[in-house]
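Visitor:
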Amino acid sequence: MALDFLKAPIEYPDLPVVKKREEFLELLKNHQVVIVKADTGSGKSTQVPKFLLESGLAEKGRIGVTEPRRLAAMSIADRLREELKDESLVSTRIRFLEEGPKDAPLKVMTDGILLQEFRRDRLFQMYSAILIDEAHERSLNIDILLGIFKDVLRNRPDFRLVIASATLDAKLFEKFYENSAVLEAEGRMFPVQVVFADPQQNDSKSRGDSGLVEEARDAIIALEETVGKDNLLCFLPTERDIQDLQAELLSKMDESKFEILPLFGRMSPQEQKRVFKNSGKVRIVLATNIAETSLTIPGIAYVVDSGMARVSRYSPQNRIQGLPVEKISQASARQRTGRAGRVKPGICVRLYTQENFESREEFTEPEIRRSNLSNVVLQLRSLGLSVEDFPFIQPPPRSAFRGAYKTLFELGALSGVARDARVTPLGIEMSHLPMDATLSAVLLRARRLGVLQPAIIVCSALSIQDPRLYPSDDEGREKARRKHKSLGGHKSDFLCYLAEWNAFCREWNGTSWNSLRKYCEKNYLHFLRCREWMDLYEQFSRILKTHFESYVCPFNSFHRDSLHIALLSGFLGGVAQRDRDNGCYRLVGGKDAYLFPGSDLAGKFPEFVVSAEVRETSRVFLNKSAEILPEWIIKVAKDFCSYRWFAPKWNSVRGFVEALEEVSFRGMVLSRSRRVDYGRVDAKEAARIFFLEAVVEGDMPTPFPFMEHNQRVLSALRATEARQRRWGICPSEDLQVDYLMDRAPGVFSLQTLKDFIEKNSDKALRYNEADWISASEAGVEHIEAFHNNPVMDALHRKKITQILEDKKNAKLGGVVEFEKILNRQIRAELVFDSSKSWDGLSLEIPADFLPQLSPAILAHEILKWRFWILESFLRELPKSERKRLDSKKEELDDSFVDALERNPQKSPLISLYEAYRNWGETEGSLPVLNPQNEHHLRLHLSIYSSAYSEKFSLELSPEWGVCTFFDAVRALVSPCALSLSVLGVAYAWCPEGVRAMSLSEAEFWQKFYRRISGVGVDDSPLKSLFESRFVFLNRREESTFALRSLLAMTKEEKEKFGIEILELSLPRFSGIEFARSHKVRSFSDISSHRTNEENAFREGLLRFVSDSAYLGVSAFVKAWDVFREAFAGFRKGAKVSDSLLRLASVLSAEDSLYFRIRRIAAFLQGEIFRENSGEEMALPLPSAKSFRESFSPYFSGRFLKEHELKKAREALACAEKARTESERFESALVLQILLENFELLRFKRSILAQAPEEKVEMSDLLKLRERFKNR
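As numbered in numbering that gives the first Met the number 0, residues 0 to 1270 make up the sequence shown, in order.
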């Protein structure tokens, strides 16, 4: 098979797996999934990717190779480049690092990178085959990928999946995948002698804290000195063990002969690659299980295996995901043994007995079975996958997922407990942290509360075994208890951990481990666990990308309540309340529990506690606990609390109906003594109590006039009853309440009654004697059936009904209406409640309406808002001035409207000030309005768009000018693809992003967006044809918007272009031929045959064709024909036109997509090519000089404060330094906003009303004071 991208034939070394090459290629043709089970040292990691390359699959797409670790991915990629003798064939992608060409046929990456690509490409369309190497590790990423591939294989019959490992359970994988086959190969080429530890000497109890390091040291020295000097690989569980062993070996071995090299995941790629370089010395590599799989360290003769590794495991008792050091499986031990015996016979020394080996698990337990299912659910949901339907290769019990959903909901990671609950922003942030979901929630909350360092210390302690030791003898145990108790007394075990940490960190202070060991022995601490604690502290700090100056975290450096609130957010399931009757604590599930005797809370009995560990032995004990306040639970778990209100009654002093509020958390009563406004809970019932007790019964300090009127009417009705000897004429209290509630909807307190009367007067609340008489029945015999409803006229009843209907549709508790703004109907809600922040007018504005609006336009169009501003303005005037203007409000409003029309860029308040000044007959200073406190003076805007998932809320002040308004809404330009005009330019969307641009360019992109906004992406032949063009041009990813533009064709364009669809029968047809009639299928072909002259205008031609798609299908077809004819003719010796050469040269150098499109349009229309265009000048923004002139009156004036002037000077200095268009625009915007603020301050501080001799600057007063003081 001819592979055009290969510069040389593929060569294979003499490795066991190479013998299976033909069999592998045959299986690959007939099966979608090939499972390669090849022993360690067979060469599968480097040779199978070459088999895939040789198979021809790279013609259909890239070949992906995943490795579980970064170092393995980098080393295998380097090896493939070396063996293929062409670096352009292999690319590497790991976190924060990318090497090699983006279009390389082989891509080696970590499994996490491939999982991230799934977020963008659900079927891995860019790949024709993927190799999952070292699948036996069964990490969470690998298991999720294995499940994802089930769907990919079903939807892509041409796709091939290869799973490779030395120790996997091949039958399990073969059963999981349909149409799969297994290929087995032999392993290493030389024998390896396995030596186990002597059972009599391998007494773990006598090792001491550093026994593992000492045993490894002795084994290494024995091998090198007794057997012979040769390269050695030693496996250790932690980074700290590696550092200790390295120090031990450096003190014992000759550095001129031996090179001691550490190898662990946290090292930089450059440091890790040192183990592959031959320095001429004997290499002793000390590694974690990072060296267990995939990568081959050359020349290894000896392996020393500690048999231990740090693994991630969930503890149901502690309810957190920890990182304990555990025994490895037999499969992992064989993997480690296989690191030797590749180039010569080897020896593997296992620091454990054969009996110990045989008692271990055969295979490594999959991570998904030792993980908190909350982490699994969060990872899958963040990827947009259904948890219940996901095909796990070894699925956990489905019932277990219910608890995971509940936990994630409590942590705030999911919006609910249902299957369709969405992942919250906090959940997305948590899914990016490789740690237990509980700990990630605690640490993210701690970061927001400013207590991150103590939270990291505590969370690290919770992830390990308790480092405190208690000897078995009574005397020693008592001493240990006294020692540990001396650091207590905080009513918190978490703070005890912090006290222990600070104590041993002060003792250690970064010095030798020996000093820390002595401290631990003296203070009854486990040395290795303390070191593990420090390891986790550093690891969590790295994950959260933070660094602290000192390990010590003093208690006075953070707020203790904030730390416990952060911890509470992760351990809500551990909340317990004291049960005084039974002398225990009651957990949230109703279970009885007791404080652990060794807890810092023992004997103190706080009312509420939170526990990070619930341990069940003879009893259920609460361990690792702290006292908490019920208010913290309400703060953290507000959505999980239940509320009940009882005993509502009228409070004449507070002016509303109040009720006792009871707050409960899962059966625990947190609060029941708080009195709240019952009207906010049940407005209807509160209204009934208010009207009965306050209005009808008259329990009010100062009765309203209508109440006095009603009492007179009731007295008259009672008199009528007495005269006529008839009952039922005077209404009962209940009937009066019904009458008043019907006439005054929304009234349930003293304040709402005042607001109602202020708005509507009290006419509707006044009784009419004739109405009650006509509503009564004719005689006493009808008393039981008598309803006594007052008669209302039809018009009044219709109005009441409409108000009630509007209230039902209202979102803010107000009245719904519609405002006409620039001939467009806008939904509005009117609220009259000064206690609410949304008091006044709330508008729902479509995002596409924003470019037409400004504060001045809104004030001009919305009559009631303008009147409110005017009324507040007049209210602040002196009383004499107010009386004079009472009859001239309409004239002042006319002047206000004229000022708004003249100055649409200015703020409404400035226009009002100018109108008032220009109106004449004014004296004294100007009034100052306060929109911050008077909520109704602000417009409450809710901006929505179909392109934006959430509504954008904005509080528009009448003090805002057009630039301040623009700065508040500019965040919507990108998600809503808007164009906003400001400072004579447009700030608008374009495919390259959001930026300032000319008005003509913004208009072009707006038309373009409207053309493509409704176009979907389907599988039509036209789409496939266009995509084939873009693939040929190497522009597929860059041309998403252009492709959508092509699909937005008219019916006539589709018919005109229909003949081209027949070309789809030719794969990747280009229409371009070499001189010898060989087809060109991509620019890779052109690159391998091109001359220097071709290379000169290649990039320009690429841009010419791909950018023409933005102009539509006709332009794209025309450009394609020009491109095809020019290239084909050039290859046959024909001359390319000078205009096309000049165009290609200019396009390759032009950064602006818009100007490239304009040049292409001009070329396709046959216009004469020009090197420069007058339209391509800089944006017409105000210059720094013009701004300095605008600020000059303010610098010479005397009403601005020094810090305000300083801010202006700094902004002017930044404007003068601005070089790019973006910097010029941002500087101009800042300066214009300052000018708007200064102009407002000029009016507010009433400088225009002062006489010249009164304008004394504060700094001048200070100078005078100093002069007199010196005398």
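We treat Cβ as the ideally placed atom computed from N, Cα and C, and that holds for glycine.
What you are looking at is a predicted structure, and each value in this text was computed from that prediction instead of being measured.
What is the C-beta distance between residue 571 and residue 592, in whole angstroms, given that I count them as a contact (C-beta under 8 angstroms)?
Guide: That belief does not hold up - the Cβ atoms of residue 571 and residue 592 are roughly 15 angstroms apart, past 8 angstroms.
Visitor: Alpha carbons only, please: which of 29, 642, 902 is nearest the one belonging to residue 675?
Guide: Nearest C-alpha to residue 675: 642.
Visitor: To the nearest angstrom, how far is the alpha carbon of residue 72 from that of residue 237?
Guide: 21 angstroms
Visitor: Could you tell me if residue 106 is buried or exposed, where buried requires 16 or more neighbouring beta carbons within 10 angstroms of its beta carbon?
Guide: If you draw a 10 Å sphere on the C-beta of residue 106, you find 16 or more other C-beta atoms in it, and that means buried.
Visitor: Three or more beta-carbon pairs under 8 angstroms between the segment 889 to 905 and the segment 832 to 851, yes or no?
Guide: no
Visitor: Of the choices 885, 978, 640, 956, whose alpha-carbon is the least far from that of residue 848?
Guide: 978
Visitor: Using a Cβ-Cβ cut-off of 6 angstroms (strictly less than) and excluding sequence neighbours within five positions of residue 59, which residues of its own chain qualify?
Guide: 127
Visitor: Counting only the same chain and skipping the five closest in sequence on each side, list residues whose C-beta sits under 7 angstroms from that of residue 522.
Guide: Short of 7 angstroms from the beta carbon of residue 522, and not among the five residues preceding or following it, lie these beta carbons of its own chain, in chain order: 482.
Visitor: Report buried or exposed for residue 199, applying the criterion of at least 16 other Cβ atoms within 10 angstroms of its Cβ.
Guide: Residue burial annotation: residue 199 is exposed, with fewer than 16 other C-beta atoms found within 10 angstroms of its C-beta.
Visitor: Buried or exposed: which applies to residue 452, given that a residue is buried once 16 or more other Cβ atoms fall within 10 Å of its Cβ?
Guide: buried
Visitor: Taking 8 angstroms as the threshold (C-beta atoms), are residue 1241 and residue 1194 in contact?
Guide: Using a Cβ distance threshold of 8 angstroms, residue 1194 and residue 1241 do not count as a contacting pair.
Visitor: List in chain order: all unbroken alpha helix (DSSP H) runs of 4+ residues lying wholly within the segment 437 to 478.
Guide: Runs of the alpha helix (DSSP H) inside the segment 437 to 478: 451 to 461.
Visitor: Give the range of the beta strand (DSSP E) segment to which residue 34 is assigned.
Guide: From DSSP, the beta strand (DSSP E) with residue 34 extends over 32 to 37.
Visitor: Among 164, 125, 155, which one has its Cα closest to the Cα of residue 141?
Guide: Measuring from the Cα of residue 141, the nearest candidate turns out to be 164.
Visitor: For residue 67, count the other beta carbons within 10 Å of its own beta carbon; 16 or more makes it buried, fewer makes it exposed. Which is it?
Guide: Buried, since its Cβ has 16 or more Cβ neighbours within 10 Å.
Visitor: Rounded to the nearest angstrom, what separates residue 442 and residue 697 at their Cα positions?
Guide: 56 angstroms
Visitor: Mind checking which residues open and close the alpha helix (DSSP H) that includes residue 1145?
Guide: 1137 to 1148
Visitor: Spatial neighbours of residue 251 within its chain, please: CB distance less than 8 angstroms, with the 5 preceding and 5 following residues excluded, ordered by chain position.
Guide: 216, 220
Visitor: Which class does residue 837 belong to by DSSP, given the choice of helix, strand or coil?
Guide: Looking at residue 837 - three-state DSSP - the assignment turns out to be coil, as it is neither helix nor strand.
Visitor: Evaluate contact between the segment 558 to 565 and the segment 518 to 534, counting only Cβ atoms and requiring at least three cross-stretch pairs below 8 angstroms.
Guide: no
Visitor: Among the candidates 636, 253, 406, whose CA atom is the shortest distance from the CA of residue 565?
Guide: For residue 565, the closest of 636, 253, 406 by C-alpha to C-alpha distance is 636.
Visitor: Under the rule that 16 or more other beta-carbon atoms within 10 Å means buried, what is residue 546, buried or exposed?
Guide: exposed
Visitor: Ignore the nearest five residues each way along the sequence and tell me which others in residue 1125's own chain have a CB closer than 7 angstroms to its CB.
Guide: 1135, 1139
Visitor: DSSP three-state label for residue 417, please.
Guide: Reduced to three states, the DSSP call for residue 417 is coil.
Visitor: Look at the Cβ atom of residue 573, then the Cβ atom of residue 601, and state whether they are nearer than 8 angstroms.
Guide: It is not a contact, given that the beta carbons lie outside the stated cut-off.
Visitor: Report the rounded CA-to-CA distance for residue 861 versus residue 818, giving the unit in angstroms.
Guide: If I take the Cα positions, the gap works out to 7 angstroms.
Visitor: Does residue 261 come out as helix, strand or coil in the three-state DSSP assignment?
Guide: Here residue 261 sits in strand by DSSP.
Visitor: What are the boundary residues of the alpha helix (DSSP H) that includes residue 154?
Guide: 139 to 154
Visitor: Work out the CA separation of residue 134 and residue 111 for me, nearest whole Å.
Guide: 13 angstroms
Visitor: Spell out a yes or no on whether the segment 454 to 465 and the segment 528 to 539 are touching, meaning 3 or more CB-CB pairs, one atom from each, closer than 8 angstroms.
Guide: Yes, the segment 454 to 465 is in contact with the segment 528 to 539.
Visitor: So, helix, strand or coil for residue 1099, using DSSP?
Guide: In the three-state reduction of the DSSP assignment, residue 1099 falls in the helix class.
Visitor: Note down the Cα distance separating residue 765 from residue 963, rounded to an integer number of angstroms.
Guide: 48 angstroms
Visitor: Where residue 254 and residue 300 are concerned, what is the direct C-alpha to C-alpha distance, given to the nearest angstrom?
Guide: 19 angstroms
Visitor: Is it buried or exposed, residue 992, if we count other Cβ atoms within 10 angstroms and call 16 or more buried?
Guide: exposed
Visitor: Give me the residue from 894, 900, 115, 732 with the minimum Cα distance to residue 692.
Guide: 732
Visitor: Under 8 angstroms between the Cβ atoms of residue 137 and residue 366?
Guide: yes
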